[in-house]
Amino acid sequence: MMRTAKIILFAALFLPALFAANVGAAAEAEQVFKFYCAQCHGLNGKGGGPNVTKDFPVTPRDFTNTAQMNKLSDNDIRGIVMDGGPSASKSPLMPPWGKTLSDGDVDGLVKLLRKFCNCKGKPG
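In our numbering, the protein residues as written are 17 to 140.
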């Protein structure tokens, strides 16, 4: 009985903090996306941000395209964010953010992009 009470007390004290941390991390990833990514990829991740005019030389990736996003592993996405488009034979207009964003920021972006596409991507 005492063991059960301790488990319940532990859960009541610490689970809300863990949940709040996850919610906070998701909100932070959304802010990072809005500041660094949405200019080209749009707030909804479809690739039509305010920088993409009729004269824009490339079409930014549509993160809601499940078929295309499933071809990328989380490490592929992480590499493109950190090292820029040319690292994956993509446009040099996709800048490298590795010296700007923390590893935690990039991990949050990967999770957010997976949320946009509602997919897990390829293993690896």
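In this text, a Cβ means the ideal position worked out from N, Cα and C, and glycines have one as well.
- According to the DSSP assignment, Ala104 belongs to no alpha helix (DSSP H), since it is labelled neither H nor E.
- In this structure, Gln84 sits away from Asn67, with a CB-CB distance that is not shorter than 7 Å.
- Burial of Asp121 is indicated by the presence of at least 16 other C-beta atoms within 10 angstroms of its C-beta.
- Taking Gly137 as the centre and dropping the five residues before and after it, the same chain places the C-beta of Met85, Asn86, Lys87, Leu88, Ser89, Asp90, Asp92, Ile93, Arg130 closer than 8 Å to its C-beta, in chain order.
- Between Phe51 and Asp99, the alpha-carbon positions lie close to 18 Å from each other.
- Annotation: Asp78 is outside any alpha helix (DSSP H) and is labelled neither H nor E by DSSP.
- Pro139 has its alpha-carbon roughly 22 Å from the corresponding atom of Ala42.
- Rounded to whole angstroms, the gap between the alpha carbons of Gly95 and Gly101 is 9 Å.
- Residue range 54-57 is occupied by the alpha helix (DSSP H) that includes Cys56.
- Counted as a single uninterrupted DSSP element, the stretch harbouring Phe51 is not any alpha helix (DSSP H), since DSSP gives it neither H nor E.
- In the displayed model, Phe72 falls within coil according to three-state DSSP, outside both helix and strand.
- Of the residues His57, Gly61, Val126, Thr82, the one whose Cα lies closest to the Cα of Cys135 is Thr82.
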